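Trainee: In case it helps, mature numbering (1 follows the signal peptide of the UniProt record, and there is no 0) puts the sequence shown at residues -31 to -1, 1 to 182.
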Amino acid sequence: MAMLMSEMTRMNRSWKLAAIAAPALALTALSGCVSIGGGGEQPDQLIDLTPRAVAPAGASESGQVDEAVFVFEPEVQNRLDNKRVPVQIDDSSVAYLQGATYVDRPARLFQHLLAETLRAKGGMLVVEGVDPGLPNRTRLYGQLVDMGYNARSSSVIVTYDAVQIAPDGTVRSQRFSHTVDGLTPDVISVAPALNEAANAVALDVANWFDPGK
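(1) Note the first and the last residue of the continuous alpha helix (DSSP H) segment covering Asn47.
(2) Under three-state DSSP, which class holds Leu152?
(3) What number of angstroms, rounded off, separates the C-alpha of His147 from the C-alpha of Glu42?
(4) Is the CB-CB distance between Ala167 and Met116 below 9 Å?
(5) How far does the alpha helix (DSSP H) with Phe39 in it reach, from first residue to last?
(6) Is it buried or exposed for Gln46, if we count other Cβ within 10 angstroms and need 16 for buried?
(7) Taking the alpha carbon of Ser122 as the reference point, which residue from Thr153, Asn164, Gly92, Arg144 has its own alpha carbon closest?
(8) According to DSSP, is Leu113 helix, strand or coil?
(9) Using the beta-carbon count (16 or more within 10 Å), is Gly111 buried or exposed?
(10) Under a three-way DSSP split, which group does Thr107 fall into?
(11) I need the straight-line Cα distance from Ala22 to Ser61, nearest angstrom please.
(12) Distance, Cα to Cα, Glu44 vs Glu165?
(13) Is it a yes or a no for the region 128 to 145 touching the region 154 to 162, going by three-plus beta-carbon pairs under 8 Å?
(14) Is Val95 buried or exposed, if buried means 16 or more other CB atoms sit within 10 Å of its CB?
(15) Within its chain, find whatever has a CB closer than 6 Å to the CB of Leu163; leave out the 5 residues flanking it on each side and keep chain order.
(16) Does the beta-carbon distance from Gln133 to Phe79 come in below 9 Å?
(17) For Gly181, which of Pro20, Leu15, Val38 has the nearest alpha-carbon?
(18) Taking C-beta to C-beta, are residue 195 and Val114 nearer than 9 Å?
(19) Could you name the residues of the same chain whose beta carbon sits closer than 8 Å to that of Leu172, not counting the 5 residues immediately before and after it, in chain order?
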């Protein structure tokens, strides 16, 4: 009887140890997948462009596709053809802002921002990213010349060369630029300044753009 009681006591202790060890083993297994409470390299802060002028909820525009305004993704130079924020060191040297990444390519972000700003003006059917190949349509092309940080002037600069082509082939073009000065080269300062400058340029383009020309 004494031997039986001893064996039962030993088994109970084993079960208790197993119950305690199971959660610990589970946490050990998860630690390779999930980082809780710090440790390891911090991820980059993602930067997006948020339109300040947006079409109100329920607003709609309709029309023939050949009467629509087509906003095309702007061309960019190599330094903007990725998701990093360029830092212009001098005339020939470019670096990238540490700890900062755009959520998408700058050209795509600016295309969406510009299209949404035009929609907010109303009175026109705005289409982005689509080209049905129709000859009679108003098109807005352009080049995103700059959307980054300038180390020499401690500023964020967004520059866009807009090109409007009317259905009759008439071409209008103009450069738009906005600068936010007095910034330190860190993502906390640069991110909101990029959004401010990009919105200012998009609004200037929208005010200049005339679908009737």
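Backbone N, C-alpha and C define an ideal beta-carbon position, used for all residues, glycine too. Computed from a predicted model, the values in this text were never measured in an experiment.
Mentor: Looking at the coordinates:
(1) Within the sequence shown, the letter at position 78 stands for residue 47. First-last for Asn47: undefined, no H or E at that position.
(2) Taking the first residue of the sequence shown as 1, we reach residue 152 at position 183. It is coil, neither helix nor strand.
(3) Looking up residue 147 in the sequence shown gives position 178. Looking up residue 42 in the sequence shown gives position 73. Rounded to the nearest angstrom, the gap between the Cα atoms of His147 and Glu42 is 19 Å.
(4) By 1-based counting over the sequence shown, the position of residue 167 is 198. By 1-based counting over the sequence shown, the position of residue 116 is 147. Cβ atoms of Ala167 and Met116: closer than 9 Å.
(5) The residue given as residue 39 occupies position 70 in the sequence shown. Annotation: Phe39 is outside any alpha helix (DSSP H); the continuous beta strand (DSSP E) that includes it extends over 38 to 40.
(6) Position 77 of the sequence shown, counted from the start, is the residue given in the question as residue 46. Here Gln46 is exposed. Its C-beta has fewer than 16 other C-beta atoms within 10 Å.
(7) To locate residue 122, count along the sequence shown from 1; it is residue 153. Nearest of Thr153, Asn164, Gly92, Arg144 to Ser122, Cα basis: Thr153.
(8) For the purposes of this step, residue 113 is identified with residue 144 of the sequence shown, where counting begins at 1. Leu113 falls in the strand class under three-state DSSP.
(9) Looking up residue 111 in the sequence shown gives position 142. So Gly111 counts as buried.
(10) Position 138 of the sequence shown, counting from 1, holds the residue named residue 107. In the three-state reduction of the DSSP assignment, Thr107 falls in the strand class, which pools E and B.
(11) Numbered from 1 along the sequence shown, position 53 holds the residue referred to as residue 22. Numbered from 1 along the sequence shown, position 92 holds the residue referred to as residue 61. Put simply, the backbone Cα of Ala22 is about 36 Å away from that of Ser61.
(12) Counted from its first residue, the sequence shown places residue 44 at position 75. Counted from its first residue, the sequence shown places residue 165 at position 196. Cα to Cα, the separation comes out at about 21 Å.
(13) No contact exists between the region 128 to 145 and the region 154 to 162.
(14) Counting from one through the sequence shown, the residue named residue 95 turns up at place 126. Looking at its Cβ environment, which holds 16 or more other Cβ atoms inside 10 Å, Val95 is buried.
(15) Counting from one through the sequence shown, the residue named residue 163 turns up at place 194. Here the set comprises Val125.
(16) Your numbering for residue 133 matches position 164 in the sequence shown. Your numbering for residue 79 matches position 110 in the sequence shown. Between Gln133 and Phe79, the C-beta spacing is not below 9 Å.
(17) In the sequence shown, the residue the question calls residue 181 occupies position 212. Residue Val38 is the option with its Cα nearest to Gly181.
(18) In the structure as shown, the chain starts at -31 and stops at 182, and residue 195 therefore has no counterpart that could be examined.
(19) If you number the sequence shown from 1, residue 172 lands on position 203. Close CB contacts of Leu172 within its chain, under the 8 Å cut and outside five residues either way in sequence, are with Arg21, Ala22, Thr86 (chain order).
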